[in-house]
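Q:
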Amino acid sequence: MDNEVLITNQPIVIDNGSGMIKAGFAGDPIPKINFPNYVGRPKHVRVMAGGLEGDIFIGPKAEEYRGLLHIAHPMEHGIVQDWNDMEKIWTYIYSKDQLRSASEEHPVLLTEAPLNPRKNREKAAEIFFETFNVPALFISMQAILSLYASGRTTGVVLDSGDGVTHAVPIYEGFAMPHSILRNDVAGRDVTRYLKLLLRKEGYTFKTTAEFEIVKNIKERVCFLSPTVQKDETNQGDKSQFTLPDGTSIELGTSRYRAPEVLFNPELIGEECEGVHEILSGSIQRSDMDLRRTLYQNIVLSGGSTLFRVNHQSPDSSWFIEDESSKTIVYGDRFEHKLCLTYALNQIALSVDKGMTVG
Numbered sequence: 001m002d003n004e005v006l007i008t009n010q011p012i013v014i015d016n017g018s019g020m021i022k023a024g025f026a027g028d029p030i031p032k033i034n035f036p037n038y039v040g041r042p043k044h045v046r047v048m049a050g051g052l053e054g055d056i057f058i059g060p061k062a063e064e065y066r067g068l069l070h071i072a073h074p075m076e077h078g079i080v081q082d083w084n085d086m087e088k089i090w091t092y093i094y095s096k097d098q099l100r101s102a103s104e105e106h107p108v109l110l111t112e113a114p115l116n117p118r119k120n121r122e123k124a125a126e127i128f129f130e131t132f133n134v135p136a137l138f139i140s141m142q143a144i145l146s147l148y149a150s151g152r153t154t155g156v157v158l159d160s161g162d163g164v165t166h167a168v169p170i171y172e173g174f175a176m177p178h179s180i181l182r183n184d185v186a187g188r189d190v191t192r193y194l195k196l197l198l199r200k201e202g203y204t205f206k207t208t209a210e211f212e213i214v215k216n217i218k219e220r221v222c223f224l225s226p227t228v229q230k231d232e233t234n235q236g237d238k239s240q241f242t243l244p245d246g247t248s249i250e251l252g253t254s255r256y257r258a259p260e261v262l263f264n265p266e267l268i269g270e271e272c273e274g275v276h277e278i279l280s281g282s283i284q285r286s287d288m289d290l291r292r293t294l295y296q297n298i299v300l301s302g303g304s305t306l307f308r309v310n311h312q313s314p315d316s317s318w319f320i321e322d323e324s325s326k327t328i329v330y331g332d333r334f335e336h337k338l339c340l341t342y343a344l345n346q347i348a349l350s351v352d353k354g355m356t357v358g
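Numbering (UniProt numbering), first residue to last: 1 to 358.
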């Protein structure tokens, strides 16, 4: 088939996140594929001929049988650490169980975090061209696609996922590389810190599969609190979480202490800025004439921006919705009042929607 014809075929979009991987065809309203970006290998000996077959599990099967598996994440902090496992996941995306398409017939749009090593991009291109024989490949920053998804060409995107947090200012479609700030403290670090806090509360999670349970606890129970010190005194407020085996555990202060890692990385020994400082610093690095516009067009993206806020606290001013402008004012942690796009309900798909812009 002529290469020009192949390039005009519907492109395949792969949002290659550290925690979740999403894929589908450009133009579709939602991704066809959405599963954890990890590989599972059996950690026990198979003793029955009719038992579960396979030496490697990816996608829904890896989720279903994770208790039998050793879970390995091929990506850490937005950078691929195990290219063999990453290639297996990409191969699975093209398989009959998922997209059911030939890689040679569709161009590919692949996302990556900003300020990644050049060799990471080169290796990805090598695999897609030499192994999958794709007719064309474009690698884009996730933040740019999130801004497109919000219907803007100007703004600053604060993207915080499982592996990377970054702020990217964009003005009229032009990214400003000198103003991009990145921090490798993100959702997976919150999960690790929550695991430590739960251990102090008497609940131990040891295996790689149980680490995924802690991640589920984080997503279901954890929240942000603007009054952490006051909440520490309210020891009676607890939440119940039911584990896969049916037992229940009680969570107290760990629910809001774990996400504090995003704002105070020193809690886990990291000497870097919090997400609020990254966002503000990124805007301050931009030209003075652009700052006001950027402050008025802030877009949140990534799973770690989906933590709910403890609205039950009477002093809470973390998010204050402004009905007239459909924006949210983000107060306590900034010197400036910032207007954020009220897109919290669609952030999970924002990158994919941005990819459909054509």
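Idealized CB from N, CA, C, for every residue including glycine. Computed from a predicted structure; not experimentally measured.
Out of curiosity, what's the CA-to-CA distance linking D184 and T305?
A: Position 184 of the sequence shown holds residue 184. Position 305 of the sequence shown holds residue 305. For D184 and T305, the distance between alpha carbons rounds to 15 Å.
Q: Round the Cβ separation of H298 and L115 to the nearest angstrom and send it over; I've been treating them as touching at under 8 Å.
A: The count along the sequence shown starts at 1 and reaches residue 298 at position 298. The count along the sequence shown starts at 1 and reaches residue 115 at position 115. The amino acid occupying residue 298 in the given sequence is Ile; His does not appear at that position. Contact flag wrong, Cβ pair sits at about 20 Å.
Q: State yes or no: is the C-beta of S286 within less than 8 Å of the C-beta of M176?
A: The sequence position of residue 286 within the sequence shown is 286, counting from 1. The sequence position of residue 176 within the sequence shown is 176, counting from 1. Contact flag set, yes.
Q: Secondary structure at V157, three-state DSSP: helix, strand or coil?
A: Counted from its first residue, the sequence shown places residue 157 at position 157. V157: strand per DSSP, three-state reduction.
Q: Would L181 and I278 be called neighbours here (beta carbons separated by less than 8 Å)?
A: In the sequence shown, the residue the question calls residue 181 occupies position 181. In the sequence shown, the residue the question calls residue 278 occupies position 278. Yes, the pair counts as a contact, with Cβ atoms nearer than the cut-off.
Q: On the CB-based measure, 16 or more other CB atoms within 10 Å of its CB, does K337 come out buried or exposed?
A: If you number the sequence shown from 1, residue 337 lands on position 337. Any reading at K337 must be qualified, since the residue scores a pLDDT of 40, below 50, and its modelled position is unreliable; the value itself is stated next. By the 10 Å Cβ count, K337 comes out exposed.
Q: For the segment 254-263 against the segment 134-150, are there 3 or more C-beta pairs whose distance is under 8 Å?
A: Segments in contact, no.
Q: Nearest-angstrom Cα distance between Q10 and H106?
A: Position 10 of the sequence shown, counted from the first residue, corresponds to residue 10. Position 106 of the sequence shown, counted from the first residue, corresponds to residue 106. Near 6 Å, if we compare the C-alpha coordinates of H106 and Q10.
Q: In this structure, how does DSSP classify G40 when only helix, strand and coil are distinguished?
A: Here residue 40 corresponds to residue number 40 of the sequence shown, with the count starting at 1. Correct three-state label for G40: strand.
Q: What are the boundary residues of the beta strand (DSSP E) that residue 359 is part of?
A: Residue 359 is absent from the model: the chain starts at 1 and stops at 358.
Q: Going straight from the alpha carbon of V13 to that of A26, what length do you get?
A: Here residue 13 refers to the residue found at position 13 when the sequence shown is read from its first residue. Here residue 26 refers to the residue found at position 26 when the sequence shown is read from its first residue. So the two alpha carbons sit approximately 6 Å from each other.
Q: Between K43 and L69, how many whole angstroms is the CB-CB distance? I'm expecting something under 8 Å.
A: Stepping through the sequence shown from its first residue, residue 43 is reached at position 43. Stepping through the sequence shown from its first residue, residue 69 is reached at position 69. K43 to L69, Cβ: 6 Å. Contact.
Q: Whole angstroms are fine: how far does the CA of L110 sit from the CA of E210?
A: Here residue 210 refers to the residue found at position 210 when the sequence shown is read from its first residue. Here residue 110 refers to the residue found at position 110 when the sequence shown is read from its first residue. Going from the Cα of E210 to the Cα of L110 covers about 30 Å.
Q: Specify the secondary structure class of S254 as computed by DSSP and reduced to three states.
A: As a first step, residue 254 is located in the sequence shown; it is residue number 254 there, counting from the start. Of the three classes helix, strand and coil, the one that applies to S254 here is helix, per DSSP.
Q: Since residue 393 and N37 should fall inside the 8 Å C-beta cutoff, what is the C-beta to C-beta distance between them, to a whole number of angstroms?
A: Any question about residue 393 goes unanswered here, given that the chain covers just 1 to 358.
Q: The alpha helix (DSSP H) that contains residue 362, what's its start and end?
A: Because the chain here runs from 1 to 358, residue 362 falls outside it and cannot be looked at.
Q: Mind checking who L109 pairs with in its DSSP beta bridge?
A: One-based indexing of the sequence shown puts residue 109 at position 109. Answer is V13 and F138, bridged to L109.
Q: On the DSSP letters alone, give me the boundaries of the beta strand (DSSP E) that H73 sits inside.
A: Stepping through the sequence shown from its first residue, residue 73 is reached at position 73. No beta strand (DSSP E) holds H73; DSSP gives it neither H nor E.
Q: Can you say whether T165 is buried or exposed, counting buried as having 16 or more other CB atoms within 10 angstroms of its CB?
A: Along the sequence shown, one-based indexing puts residue 165 at 165. Classification for T165: buried.
Q: Run the CB neighbour count on D315, radius 10 Å, all protein chains shown included, and call it buried at 16 or more, exposed below.
A: Here residue 315 is taken as the residue at index 315 of the sequence shown, counted from 1. Its pLDDT being 37, under 50, D315 is placed unreliably in this model, and the value from its coordinates should be taken loosely. Exposed is the call here.
Q: Report the CB separation of N216 from E112 in whole angstroms; it is logged as a contact under 8 Å.
A: Start at 1 with the first residue of the sequence shown, and residue 216 comes out as number 216. Start at 1 with the first residue of the sequence shown, and residue 112 comes out as number 112. About 26 Å; that fails the 8 Å criterion.
Q: Identify whether M20 lies in helix, strand or coil by the three-state DSSP scheme.
A: As a working mapping, residue 20 is identified with position 20 in the sequence shown. Note: M20 maps to strand in three-state DSSP.
Q: Locate the beta strand (DSSP E) running through I283, then write down its first and last residues.
A: Walking along the sequence shown from the start, residue 283 turns up at place 283. Segment V275 to Q284 is the alpha helix (DSSP H) holding I283; no beta strand (DSSP E) there.
Q: If you run the structure through DSSP and keep just helix, strand and coil, what is V190?
A: Here residue 190 refers to the residue found at position 190 of the sequence shown. Helix, per DSSP.
Q: Going by other Cβ atoms of all chains shown within 10 Å of its Cβ, with 16 needed for buried, is A186 buried or exposed?
A: The residue given as residue 186 occupies position 186 in the sequence shown. A186 comes out buried.
Q: Going along the chain, which residues of its own chain have a beta-carbon closer than 6 Å to the beta-carbon of R291, five neighbours each way excluded?
A: As a working note, residue 291 is residue 291 in the sequence shown. Here the set comprises I283.
Q: Can you name, in chain order, every residue of its own chain whose Cβ lies under 7 Å from the Cβ of S254, other than the five neighbours on each side?
A: Within the sequence shown, numbered from 1, the residue matching residue 254 stands at position 254. Taken in chain order, the residues that qualify are L194, L197, L198 and E201.
Q: Considering only the alpha carbon of each residue, which of K61, P29 and K32 lies closest to R41?
A: Within the sequence shown, numbered from 1, the residue matching residue 41 stands at position 41. When only C-alpha atoms are compared, the closest one is K61.
Q: Please report the straight-line C-alpha distance between R121 and P244, rounded to a whole angstrom.
A: Locating residue 121 in the sequence shown gives position 121, where the first residue counts as 1. Locating residue 244 in the sequence shown gives position 244, where the first residue counts as 1. Each residue's alpha carbon lies about 38 Å from the other.
Q: For H178, does the count of other Cβ atoms within 10 angstroms reach 16, so buried, or fall short, so exposed?
A: Position 178 of the sequence shown, counting from 1, holds the residue named residue 178. The residue is exposed, with fewer than 16 neighbouring Cβ atoms inside 10 Å.
Q: Which residues in the same chain have their Cβ closer than 6 Å to the Cβ of H73, if we skip the five residues on either side of it in sequence?
A: Looking up residue 73 in the sequence shown gives position 73. Y38, listed in sequence order.
Q: What does DSSP give as the partner residues of R182 in its beta bridges?
A: Position 182 of the sequence shown, counted from the start, is the residue given in the question as residue 182. H166, per the DSSP bridge assignment.
Q: Measuring alpha carbon to alpha carbon, tell me which of S239, E63, E212 and I213 ends up nearest F223.
A: Locating residue 223 in the sequence shown gives position 223, counting from the first residue. Checked all of S239, E63, E212 and I213; the closest Cα to F223 is S239.
Q: Which residues does DSSP pair with F307 in a beta bridge?
A: Numbered from its first residue, the sequence shown carries residue 307 at position 307. For F307, which the question treats as bridged, DSSP gives no partner whatsoever.
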